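Asks: Everything in the sequence shown is counted per this note's numbering, starting at 516 for the first residue and increasing by one.
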Amino acid sequence: MPTGPNFCIRSEYKMCTKMVQVLWGCFLLWNLYISSAQTIYPGIKARATQRALDYGIQAGVEMIEQMVKERKIPDLKGSESPKFLKIDYMNYKLINIKINAFSLPNTSLAFVPGVGIRALIKHGTANISTDWEIKSPLFQDTGGANLLLSGVYFTGILVLARNDFGHPILKLQDCNAQVSRNDISFSGELSVLYNSFAEPMEKPILKNLNKMLCPIITSEVEALNANLSMLEVLRSVDNYTLLDYSLISSPEITENYIDLNLKGVFYPLENLTDPPFSSVPFVLPEHNDSMIYIGISEYFFKSASYAYFTAGAFNVTLTTKKIFNHLIRNSQGLGNMLSWIAELYILSQPFMVQVLAREPPVVNLLPGNFTLDIPASFVILTQSKNSTAETVISMDFVASTNVALAILGQRLICSLSLNRFRLSLPESIRSNIEVFRFENILSSILHFGVLPLANAKLQQGFPLPNPHKISLVNSDIEVLEGFLLISTDLKYKTSLKQQSSFHGWEALNLIRGRWRGKPAPWLPVWSPLQEVNRP
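1) Since I believe Phe936 is in contact with Ala969 (beta carbons under 8 Å), could you give me their beta-carbon distance rounded to a whole number of angstroms?
2) Determine the burial state of Ser820: buried for a count of at least 16 other Cβ atoms within 10 Å of its Cβ, exposed for fewer.
3) Report the three-state DSSP secondary structure of Val994 (helix, strand or coil).
4) Along the alpha helix (DSSP H) that carries Ser711, what are the first and last residues, could you check?
5) Please name the residue in Ile555, Lys560, Ile572 whose C-alpha comes closest to that of Tyr1007.
6) Within the same chain, show all residues whose beta-carbon is closer than 8 Å to that of His682, passing over the 5 residues directly before and after it, in chain order.
7) Less than 6 Å between C-beta atoms, sequence neighbours within five positions excluded: which residues of the same chain meet that for Trp1020?
8) For Ile773, does the count of other Cβ atoms within 10 angstroms reach 16, so buried, or fall short, so exposed?
9) Count the other CB atoms, across all protein chains shown, that sit within 10 Å of the CB of Tyr604; report buried if there are 16 or more and exposed otherwise.
10) Could you please give the first and the last residue of the uninterrupted alpha helix (DSSP H) stretch that includes Leu968?
11) Alpha carbon to alpha carbon, what distance is there between Leu739 and Asp569?
12) Expressed to the nearest angstrom, what Euclidean distance is found between the alpha-carbon atoms of Gly629 and Lys637?
13) Under the rule that 16 or more other beta-carbon atoms within 10 Å means buried, what is Ala741, buried or exposed?
14) So, is Thr906 buried or exposed, given that buried needs 16 or more other C-beta atoms within 10 angstroms?
15) With a threshold of 6 Å on Cβ separation, who are the neighbours of Phe781 within its own chain once the five nearest residues in sequence on each side are excluded?
16) Closer than 6 Å by C-beta to Glu717: which residues in its own chain qualify, once you throw out the five before and the five after it? Chain order, please.
17) Measuring CA to CA, which of Tyr668, Ile1001, Val994, Ser623 is closest to Leu724?
18) At which residues does the alpha helix (DSSP H) containing Tyr556 begin and terminate?
19) Report buried or exposed for Ser1016, applying the criterion of at least 16 other Cβ atoms within 10 angstroms of its Cβ.
20) What does the alpha-carbon distance come out to for the pair Leu849 and Leu881?
21) Counting only the same chain and skipping the five closest in sequence on each side, list residues whose C-beta sits under 6 Å from that of Asn621.
22) Of all the options Phe701, Ser959, Lys726, which has the alpha carbon lying nearest to the alpha carbon of Glu1051?
23) Would you give the residue range spanned by the alpha helix (DSSP H) that Ala819 belongs to?
24) Going by other Cβ atoms of all chains shown within 10 Å of its Cβ, with 16 needed for buried, is Glu585 buried or exposed?
25) Suppose the cutoff is 7 Å on Cβ atoms and the five residues either side in sequence are ignored; what does the same chain contact list for Trp1037 look like?
26) Looking only at C-alpha atoms, which of Pro589, Leu927, Val988, Pro557 sits nearest to Glu735?
27) When you compare only the Cα positions, how much space is there between Trp1041 and Ala971?
28) Restricting to runs no shorter than 4 residues, where is the alpha helix (DSSP H) found entirely within the stretch 679–737?
29) How about Leu775 and Pro980: are their beta carbons less than 9 Å apart?
30) Quick one: what's got a C-beta closer than 6 Å to Glu648's C-beta in the same chain, skipping five residues either side?
31) Using DSSP with H/G/I as helix, E/B as strand and the rest coil, what is Ile960?
32) By Cβ distance, which residues of its chain are closer than 6 Å to Thr825, with the 5 residues on each side in sequence left out?
33) Can you give me the C-alpha to C-alpha distance between Asp991 and His802, rounded to a whole angstrom?
34) What do you reckon, are the CB atoms on Ile908 and Ile895 nearer than 9 Å?
35) Comparing C-alpha positions only, which one of Phe912, Phe816, Ser764 sits nearest to Asp679?
36) Do the CB positions of Gly671 and Val694 come within less than 9 Å of each other?
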């Protein structure tokens, strides 16, 4: 057999060529694997449809009206040589410009695929009041005037992208703005004289005004960008976790909608390391009945589970007195059984109960079903007055809970209800009687101790992404394979007060039922065990 440099010759040449192709194929597949492994998929997707843009026109006019009241409009000045006055020059200045009223009857917003949002305004009008100053070689004077602008036209594209910190950024592209006509009416003692030559002054003022429009609009977009750069993309949820809302890519824009891909991951308060599992892709359905669609992936909830577990938020300690008092308060609907269990097993010897999560709760999102399986340990300790606590018994269990969801204000509210649990007892106490006793005790503590405490904390909710002064209305929640789908409309508020507590649960849409104006039986508005951590 040939060896050395002549190995790849004649009959062996084809074999070498094939081996090289195989090696190249393996190399390309490996690179593809590495690149896919490094791909970051969003934990939250927010989609705005054409309906959102159409409503944005209405809200935008209100925002512009508020804006022009707060913004200082630059002075307009120039110099002309009016032939009718036969003077060399006349310097004029319009100061204290104020827009009193405006109308934008023909306004539209439309998506430009892959670019941004096109705005178009036609046949707009505005009424402006101003003070003026005139200086010339022959005279100088001051006074007031009203300007009526008509034929206001604007078109431009708002290009949307992201910066290196995950903030959204805007850029105005292809700006074209002009006013086709302005009528000036002077006021004051010599108003009759000035109004007689107002018409020759209108053209140069209109020319200078049109030169200023696009720079003014561009300046406003830059000011908006400055505000966007101050958005909290990493915000504190509570004393345990932070939530990352940063954009992981530039917005995806089609003819019918715009998608924002947000990281949507929780971190323990003192550790910003990503969880030890990866996000997976999910696709929002092609709906357009609502203004906004928000997809919240299973990864979002898994990262929350991991972050709260790492922070120790799932560990609960209850004393004998608090357990007994709470069981008595909540035993009316279940007869005397719980009271009997409380007296027999709880008051016979004072002790403490600890429920300690062994692993992060397991999140499962299936069509129409959101479950949370909690693997934990149940520890009973003696509580003698003059001695340290000693463990009486320790056992493991897995509590399977159903998760009900609601939207309250700008937050997603979760509530847990016990579905079933599996108890693992030590070998020494595995008789049927002992198992029954501990199952009853544990069931009571979970039903009336741990879950009400958890639900009281969960009423704080998870903040949803929403623009400033925009509230979510007509919201609905649907559980799909691997993610939640929130369908909602928007409502602009000129003044939005900070909500200090969660009251008034009217008009909430729940995935496990609809209710108005009264607390659901599995979502207590108040629980005595909210007092567990109080002195």
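The C-beta atom is built at its ideal place from N, Cα and C for all residues, glycine as well. Fair warning: this is a prediction, and the values are worked out from it, not measured in the lab.
Replies: So, from the data block:
1) If you number the sequence shown from 1, residue 969 lands on position 454. If you number the sequence shown from 1, residue 936 lands on position 421. Ala969 to Phe936, Cβ: 14 Å. No contact.
2) Position 305 of the sequence shown, counted from the first residue, corresponds to residue 820. Around the beta carbon of Ser820, 16 or more other beta carbons lie within 10 angstroms, which makes this residue buried.
3) What you label residue 994 is simply residue 479 of the sequence shown in a count that begins at 1. The answer is strand: DSSP assigns Val994 an E or B state.
4) Taking the first residue of the sequence shown as 1, we reach residue 711 at position 196. Where Ser711 is concerned, the enclosing alpha helix (DSSP H) stretches over 706–711.
5) Within the sequence shown, residue 1007 is the residue found at index 492, counting from 1. The option with the nearest alpha carbon to Tyr1007 is Ile572.
6) As a working mapping, residue 682 is identified with position 167 in the sequence shown. Closer than 8 Å at Cβ, skipping near neighbours: Leu743, Ser744, Leu746, Val748, Ser761, Leu762.
7) The residue you call residue 1020 lines up with position 505 of the sequence shown. Unreliable positioning characterises Trp1020 in this predicted model, as indicated by a pLDDT of 27, which lies under 50. A coordinate reading is not provided.
8) Within the sequence shown, numbered from 1, the residue matching residue 773 stands at position 258. Buried is the label assigned to Ile773, since at least 16 other Cβ atoms lie within 10 Å of its Cβ.
9) Taking the sequence shown and counting its residues from 1, one reaches residue 604 at position 89. Tyr604 counts as exposed, since fewer than 16 other C-beta atoms from the protein chains shown sit within 10 angstroms of its C-beta.
10) Locating residue 968 in the sequence shown gives position 453, counting from the first residue. Element bounds for Leu968: 966–973.
11) Stepping through the sequence shown from its first residue, residue 569 is reached at position 54. Stepping through the sequence shown from its first residue, residue 739 is reached at position 224. Taking C-alpha positions only, Asp569 is separated from Leu739 by approximately 20 Å.
12) Within the sequence shown, the letter at position 114 stands for residue 629. Within the sequence shown, the letter at position 122 stands for residue 637. Within the model, the alpha-carbon separation for Gly629 versus Lys637 is close to 25 Å.
13) For the purposes of this step, residue 741 is identified with residue 226 of the sequence shown, where counting begins at 1. Flag for Ala741 reads exposed.
14) On the sequence shown, residue 906 is found 391 positions in, with the first residue counted as 1. When all chains shown are included, Thr906 counts as exposed.
15) Along the sequence shown, read from residue 1 onward, the residue named residue 781 stands at position 266. Thr756, Leu758, Ser818, Ala819, Ala822, listed in sequence order.
16) Position 202 of the sequence shown, counting from 1, holds the residue named residue 717. Closer than 6 Å at Cβ, skipping near neighbours: Asn697, Ile699.
17) Position 209 of the sequence shown, counted from the first residue, corresponds to residue 724. Of the candidates Tyr668, Ile1001, Val994, Ser623, the one whose C-alpha sits nearest the C-alpha of Leu724 is Tyr668.
18) As a first step, residue 556 must be located in the sequence shown, where it is residue number 41. Run containing Tyr556: none; DSSP gives neither H nor E here.
19) One-based indexing of the sequence shown puts residue 1016 at position 501. In this prediction, Ser1016 has a pLDDT of 31, which is less than 50 and means its spatial position is unreliable; what the coordinates show is noted afterwards. By the Cβ-count criterion, Ser1016 is exposed, with fewer than 16 other Cβ atoms from all chains shown falling within 10 Å of its own Cβ.
20) One-based indexing of the sequence shown puts residue 849 at position 334. One-based indexing of the sequence shown puts residue 881 at position 366. Reliability of the predicted coordinates at Leu849 is poor, the pLDDT of 44 falling under 50, and the value obtained from them is presented with this limitation in mind. So the alpha carbons of these two residues sit roughly 32 Å apart.
21) Working through the sequence shown from its first residue, we reach residue 621 at position 106. For Asn621, where only same-chain residues beyond five positions count, the Cβ hits under 6 Å are Lys637, His638.
22) The chain is shown from 516 up to 1050; residue 1051 falls before or after that span and cannot be answered.
23) Within the sequence shown, numbered from 1, the residue matching residue 819 stands at position 304. Annotation for Ala819: the continuous alpha helix (DSSP H) segment containing it runs 813–825.
24) Residue mapping note: residue 585 aligns to position 70 of the sequence shown, counting from 1. So Glu585 ends up on the exposed side.
25) Counted from its first residue, the sequence shown places residue 1037 at position 522. Note that Trp1037 has pLDDT 31, beneath the 50 cutoff, so the model's placement of it is unreliable and no number is given.
26) If you number the sequence shown from 1, residue 735 lands on position 220. Looking at the Cα atoms, Pro589 is the closest of the given residues.
27) Here residue 1041 refers to the residue found at position 526 of the sequence shown. Here residue 971 refers to the residue found at position 456 of the sequence shown. Residue confidence is low: Trp1041 scores 29 on pLDDT, short of 50, so the model does not pin down where it sits. No coordinate-derived value is stated.
28) Within the stretch 679–737, the runs of alpha helix (DSSP H) at least 4 residues long that lie entirely inside it are, in chain order, 706–711.
29) For this step, residue 775 is matched to residue 260 along the sequence shown. For this step, residue 980 is matched to residue 465 along the sequence shown. A contact, by the Cβ cut-off of 9 Å.
30) Within the sequence shown, residue 648 is the residue found at index 133, counting from 1. Closer than 6 Å at the Cβ level, and outside the excluded window around Glu648, lie Lys608, Thr657.
31) In the sequence shown, counting from the first residue as 1, residue 960 sits at position 445. Per DSSP, reduced to three states, the secondary structure at Ile960 is helical.
32) Position 310 of the sequence shown holds residue 825. Only Pro783 meet the Cβ criterion.
33) Mapped onto the sequence shown, residue 991 falls at position 476. Mapped onto the sequence shown, residue 802 falls at position 287. So the alpha carbons of these two residues sit roughly 13 Å apart.
34) Here the question's residue 908 lines up with position 393 in the sequence shown. Here the question's residue 895 lines up with position 380 in the sequence shown. Contact flag set, yes.
35) In the sequence shown, counting from the first residue as 1, residue 679 sits at position 164. Looking at the Cα atoms, Ser764 is the closest of the given residues.
36) By 1-based counting over the sequence shown, the position of residue 671 is 156. By 1-based counting over the sequence shown, the position of residue 694 is 179. No, the pair does not count as a contact, with Cβ atoms beyond the cut-off.
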